[in-house]
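Number of protein chains: 2
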Amino acid sequence: MSTSPNIAELASLIGEPSRVMMLVSLLGGKALPASELAQSAKVTPQTASTHLGKLVEGGLLTSESHGRHRYYRLASPEVAHALEALLTISAPQPVRSLRESDQMRAIRYARTCYDHLAGEVGVALTQKLIALGMIEASGQDFVLNEAGKSKLRSLGVEVESSPKSRRRFARQCLDWSERRHHLAGSLGASLTNRLFELGWIERIPGGRAVRVTPKGTSGFIAEFGLDVTGEKERV
Amino acid sequence: MSTSPNIAELASLIGEPSRVMMLVSLLGGKALPASELAQSAKVTPQTASTHLGKLVEGGLLTSESHGRHRYYRLASPEVAHALEALLTISAPQPVRSLRESDQMRAIRYARTCYDHLAGEVGVALTQKLIALGMIEASGQDFVLNEAGKSKLRSLGVEVESSPKSRRRFARQCLDWSERRHHLAGSLGASLTNRLFELGWIERIPGGRAVRVTPKGTSGFIAEFGLDVTGEKERV
DNA sequence: TTGATAGTTCGATCATAAACGAAATGTATG
DNA sequence: CATACATTTCGTTTATGATCGAACTATCAA
Chain A
86 MSTSPNIAEL ASLIGEPSRV MMLVSLLGGK ALPASELAQS AKVTPQTAST HLGKLVEGGL
146 LTSESHGRHR YYRLASPEVA HALEALLTIS APQPVRSLRE SDQMRAIRYA RTCYDHLAGE
206 VGVALTQKLI ALGMIEASGQ DFVLNEAGKS KLRSLGVEVE SSPKSRRRFA RQCLDWSERR
266 HHLAGSLGAS LTNRLFELGW IERIPGGRAV RVTPKGTSGF IAEFGLDVTG EKERV
Chain B
86 MSTSPNIAEL ASLIGEPSRV MMLVSLLGGK ALPASELAQS AKVTPQTAST HLGKLVEGGL
146 LTSESHGRHR YYRLASPEVA HALEALLTIS APQPVRSLRE SDQMRAIRYA RTCYDHLAGE
206 VGVALTQKLI ALGMIEASGQ DFVLNEAGKS KLRSLGVEVE SSPKSRRRFA RQCLDWSERR
266 HHLAGSLGAS LTNRLFELGW IERIPGGRAV RVTPKGTSGF IAEFGLDVTG EKERV
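Protein sequence lines correspond, in order, to chains A and B. Numbering of the first sequence is given in the numbering used here, commencing with residue 86 and proceeding in unit increments. Numbering of the second sequence is given in the numbering used here, commencing with residue 86 and proceeding in unit increments.
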């Protein structure tokens, strides 16, 4: 008698506070690393790992390893639909969800990815550098040409890769919230570092999220012709 | 129901085998007494009573006392919708094996989803209404245009949404067995209700499965140009 | 190489809740 | 009234699973 085969198992999988926290964090359709999901669920990495394993096993999530990170995302639109249907009958949780969605929005908009800039702004900036002919995708890396080198140097970015450093100079890093590449590697790190120094961006306390300052907004337009407020509005 | 349940409580409420059995039994839209629900869940009356109490407390069911019986029903169409959404991801669909039980086959063919028609027939009818230009998908809803309105009215379907009803008029409901949308909302309910009145469809005792009567078979062809025998199983 | 970081696995502890026997409450029928 | 039946409440047993410390694997950087 299998008119209701896995549904109990499935619902009990959802029916756990920590797992729900993770699932709603993933409702945006973007993929998030295990550490971030652990943080949003307010549990230790061990516990989060157990939960994530069960969610994958249960077909609610899929995972993909990228470097030493493992990114998790909802397995299908149907999963999101089911979660939304459950949200519809669960009473609205007033203030807290609003705050969290603001936080989520901030994270998606701009954040640090290890030591370089990611999120909508990170991707938009990278795409702009490509469009301006300053960098060029080449395999897993980017190539910085002379035009780009002098432009970045004029902004005070360290563009010479230290010969003894074995770190890749300019790497393509797949941005999981945008599903496009942004600039990583030591060049990405020094560029991001310089943006902090210039006061164009600043950390939002309590997380990886970053905001673009008014100075940064005008700076991006003046130096790169990049309007980051456009990105912001679109969220 | 003093405190508004959050999604985790709600899902864990659903995520229990006995309770799922009861909820699925109630998916047909009929109210059932506690004893019958105990039977379908294969637990003792004491256990069933505990479960039912929790389901009412959690806002998934409402109860009504008639004599010494107490009848339970799903609290709202939204609850049915959430259950269907869970079925959509929990039912590893597509294999229509020959060994599939007659009951399962009947359920897939035609059934009530709370108060509207679902299954192959429900989806086929909905698609036909779209093909005939009577309704049109619009976001999460359908829009009923003038042609559709007069056609359905001529069949005796209530097509005016009561202004005081806060229920959505014509909604898209994802069908778990077909993975396509069928017509839900108050319009779906009144259409289905009219099909019962006309004797085009009738309940198969013992579940939420529905069969199309010979009268219905010719009626669907005459009024909608829809051949439901094509959908019908090779029984 | 060494150290740092992300993530997983294992084991022990602890809390929750599902199940049913027994008994109580309530409601119809004789 | 008495009896039968539907349902609920109570108390005990038992099973499941969430959690985190500790230890392990892998990737990356210097």
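Cβ atoms here follow ideal geometry from the backbone N, Cα and C, with glycine treated the same way.
{"Item": "Determine, using beta carbons only, whether B:Thr-173 comes closer than 7 Å to chain A.", "Value": "yes"}
{"Item": "Strictly by DSSP, which residues pair up with A:Ile-286?", "Value": "A:Val-297"}
{"Item": "For a test of the three-state rule: what should DSSP assign to A:Val-228, helix, strand or coil?", "Value": "strand"}
{"Item": "Tell me whether the beta-carbon of A:Gly-273 lies closer than 7 Å to the beta-carbon of A:His-201.", "Value": "yes"}
{"Item": "In the structure shown, what three-state DSSP assignment does B:Tyr-194 receive?", "Value": "helix"}
{"Item": "Taking Cβ-Cβ distances shorter than 9 Å, what residues in chain B pair up with A:Leu-122?", "Value": "Chain B residues near A:Leu-122: none, gap ~15 Å exceeds 9 Å."}
{"Item": "One question on the structure: do B:Phe-137 and B:Tyr-156 come within less than 7 Å of each other, judged by their Cβ atoms?", "Value": "The residue you asked about is not Phe; residue 137 of chain B is Leu in the sequence shown. For B:Leu-137 and B:Tyr-156, no; Cβs fall outside 7 Å."}
{"Item": "Taking 7 Å as the CB-CB cut-off, is A:Val-164 touching chain B?", "Value": "yes"}
{"Item": "Please report the straight-line C-alpha distance between B:Ser-150 and B:Val-141, rounded to a whole angstrom.", "Value": "13 Å"}
{"Item": "For A:Phe-254, verify whether its CB is less than 6 Å away from any heavy atom of the ligand MN.", "Value": "By its list of ligands, the structure shown contains no ligand whatsoever, and the ligand MN lies outside what it can speak to."}
{"Item": "Does the count of Cβ pairs from the region 88 to 108 of chain A and the region 94 to 105 of chain B closer than 8 Å reach three?", "Value": "yes"}
{"Item": "Can you name the residues of chain A whose CB is closer than 9 Å to the CB of B:Leu-217?", "Value": "In chain order: nothing, as chain A lies at least about 27 Å away."}
{"Item": "Going by DSSP, what residue range makes up the beta strand (DSSP E) through B:Leu-268?", "Value": "266 to 269"}
{"Item": "Give the list of continuous alpha helix (DSSP H) stretches no shorter than 4 residues that lie fully inside the region 89 to 158 of chain A.", "Value": "92 to 99, 102 to 110, 119 to 126 and 130 to 142"}
{"Item": "Would DSSP call B:Arg-279 helix, strand or coil?", "Value": "helix"}
{"Item": "On the premise that A:Arg-296 lies in contact with A:Ala-203, defined as a C-beta separation below 8 Å, what is that separation, rounded to the nearest angstrom?", "Value": "The Cβ separation is near 14 Å, so there is no contact."}
{"Item": "If you follow the alpha helix (DSSP H) that B:Leu-172 is part of, which residue opens it and which one closes it?", "Value": "162 to 175"}
{"Item": "Helix, strand or coil for B:Arg-238? Go by DSSP, reduced to three states.", "Value": "helix"}
{"Item": "Taking Cβ to Cβ, would you say A:Ser-175 is nearer than 7 Å to B:Asn-91?", "Value": "yes"}
{"Item": "Going by other Cβ atoms of all chains shown within 10 Å of its Cβ, with 16 needed for buried, is B:Glu-231 buried or exposed?", "Value": "exposed"}
{"Item": "Helix, strand or coil, according to DSSP, for A:Ala-255 in the structure here?", "Value": "coil"}
{"Item": "Using the Cβ count rule (16 or more neighbours within 10 Å means buried), how would you classify B:Ser-250?", "Value": "exposed"}
{"Item": "Return the residue from the list A:Leu-240, A:Val-244 and A:Arg-256 that minimises the CA-CA distance to A:Phe-305.", "Value": "A:Leu-240"}
{"Item": "Report the residues of the region 99 to 117 of chain B with a CB closer than 8 Å to any CB of chain A, ordered along the chain.", "Value": "Ile-99, Gly-100, Glu-101, Pro-102, Arg-104, Val-105, Met-106 and Val-109"}
{"Item": "What would DSSP say about A:Leu-210, mapped onto helix, strand or coil?", "Value": "helix"}
{"Item": "Pull the bridge partners of A:Ala-222 from the DSSP assignment, please.", "Value": "A:Phe-227"}
{"Item": "Is the CB-CB distance between A:Lys-234 and A:Val-242 below 7 Å?", "Value": "no"}
{"Item": "Using the three-state DSSP reduction, which class does B:Leu-202 fall into: helix, strand or coil?", "Value": "strand"}
{"Item": "Would you please verify whether the beta carbon of A:Asn-278 is less than 7 Å from any beta carbon of chain B?", "Value": "no"}
{"Item": "With DSSP collapsed to three states, give me the class of A:Val-313.", "Value": "helix"}
{"Item": "Leaving aside the five residues before and after A:Leu-171 along the sequence, list all residues of the same chain whose C-beta is less than 8 Å from its C-beta, in chain order.", "Value": "Ile-99"}
{"Item": "Could you check which residue in B:Leu-146, B:Ala-126, B:Leu-268 and B:Pro-290 has the C-alpha nearest to that of B:Val-206?", "Value": "B:Leu-268"}
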